[in-house]
Structures are given as structure tokens and as C-alpha cells.
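Enquirer: With my numbering, letter number 65 in the sequence shown gets 66, and the count goes up by one each step, no holes.
Beta carbons are placed, not taken as given, at the ideal position from N, Cα and C, and that holds for glycine.
Remember, it's a predicted structure, so these values are computed and weren't measured experimentally.
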Amino acid sequence: GKIVVRDGKYGPYVNFGKVNATLPKGKDPQSVTIEDAVALIAEKEAKGGNGGRKPFRKAAAPAKKPAAAKKPAAKKAAKKKG
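1) On the CB-based measure, 16 or more other CB atoms within 10 Å of its CB, does Val15 come out buried or exposed?
2) Taking DSSP as the reference, what is the three-state secondary structure of Pro25?
3) Out of curiosity, what's the CA-to-CA distance linking Ser32 and Gly2?
4) Candidates Gly27, Ile35, Asp8 and Ile42: which alpha carbon is nearest Ala19's?
5) Can you look up Val33 in the DSSP assignment and give me helix, strand or coil?
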């Protein structure tokens, strides 16, 4: 793959495949060398990616009671006109 320096919403970063490594504050994106980029990416991979967000799981709701416990609403029969 190729290493790309990009300017993102939260500042400049280095991208390699699925790994994005933020450039340190004060570091000029134009002056980033291949060695710097490889070091940042390796550091980010060692850290373990985005870390902050946890994946959403639907199954994590054990407090719900089974639906069968609810009583069905009584339905009134519609009167026929005529």
C-alpha cells in the first residue's frame, strides 16, 4: 500500500491502508518524511487503533422481559353496518 499525508477534520494525519496516525501538533505536513510516517503508523498499530469507541451490541440487553409476559390488548369486534 502507499502512505498518504492527509488534512482531516481534526488536523493532518498519515494514512496507510486502514491505519490513520495523527501528526503531532506543530509538525508541518509538508515536512513529513517516509521514516516519520512509518514510525507514526507503527506506533499507532502497536497502540491498537481507535480505542475510544466500543462496538455497539444489540444482545447486551438482559434486563428485558420476554414479550410473552405481556397481556395482549383486548380487541373489540367491529359492528357490521347494514
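Expert: Taking the geometry as given:
1) When all chains shown are included, Val15 counts as buried.
2) If DSSP states are grouped into helix, strand and coil, Pro25 belongs with coil.
3) Rounded to the nearest angstrom, the two C-alpha atoms are 21 Å apart.
4) Residue identity check: residue 19 is Lys in the sequence provided, not Ala. Taking Lys19 as reference, the option from Gly27, Ile35, Asp8 and Ile42 with the minimal CA-CA separation is Ile42.
5) The three-state secondary structure of Val33, taken from DSSP, is coil.
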